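>
In the numbering used here, the protein residues as written are 2 to 179.
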């Protein structure tokens, strides 16, 4: 065993300049691979901020549409209701609560909005909570809207879902149904 070691050492040690260069380059390659790299985004900072604003606007707009679609889907699944169309009205619009830093100096109190920084110099206010608008009225047009039992079920469902009074819910029979 000792003889084999001595033979290997005589043959390969000390390494030549070419082998030493290969070892150094291999070490550099491993070091470069190990360094974490920040992923670059395809969109520029201005486009990201614009798309974030568009998304926020579409979310408030789509909230109303989502609520209508959900109610329409749920009522359509009830036995005897049949085909259904729904319209909801809302009080106000969605509200976003923005984080504020409060600083006290003597008797003076000042508040500053907290901002999230995106790529570059784009900043948007930091939103802590968002309140969706409250449902003010419900209109339901259903094939089974002529039946008093179905009307009562629809009325109770809308009251339970939206917490509104019965006089703010209108149920009508769909045209062309018996």
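Where is the CB? At the ideal position from N, CA and C, for every residue including glycine. As the structure is a computational prediction, the values presented were derived from the model and not from experiment.
1) For the segment 83-145, list the beta strand (DSSP E) runs that are entirely contained and at least 3 residues long, ordered along the chain.
2) How big is the Cα-Cα spacing for residue 158 and residue 177?
3) Counting contacts by CB-CB distance shorter than 8 Å, is residue 88 in contact with chain C?
4) Tell me which same chain residues have a C-beta within less than 8 Å of the C-beta of residue 16, skipping the five on either side of it?
5) Which first and last residues belong to the alpha helix (DSSP H) in which residue 151 is found?
6) Should residue 141 and residue 155 be called a contact, given that it needs their Cβ atoms to be closer than 8 Å?
7) Since residue 115 and residue 97 should fall inside the 8 Å C-beta cutoff, what is the C-beta to C-beta distance between them, to a whole number of angstroms?
8) How would you label residue 68, buried or exposed, when you count the other beta carbons within 10 angstroms and need 16 or more for buried?
9) What residue does the beta strand (DSSP E) around residue 36 start on, and which one ends it?
10) Just the C-alpha distance for residue 87 and residue 65, rounded to the nearest angstrom, thanks.
11) Could you say which of 9, 28, 95 and 13 lies nearest to residue 134 if we only look at CA atoms?
Well, looking at it:
1) 85-92, 96-99, 101-106, 109-114, 116-118, 124-126, 128-132 and 135-143
2) 25 Å
3) Chain labels in this structure do not include chain C; a single protein chain is all it has.
4) 24
5) 149-163
6) Residue 155 is positioned such that its CB atom lies closer than 8 Å to that of residue 141.
7) That pair is no contact at about 13 Å.
8) buried
9) That residue, residue 36, is in no beta strand (DSSP E); it is neither H nor E in DSSP.
10) 11 Å
11) The alpha carbon of residue 134 has as its nearest neighbour, out of 9, 28, 95 and 13, the alpha carbon of 95.
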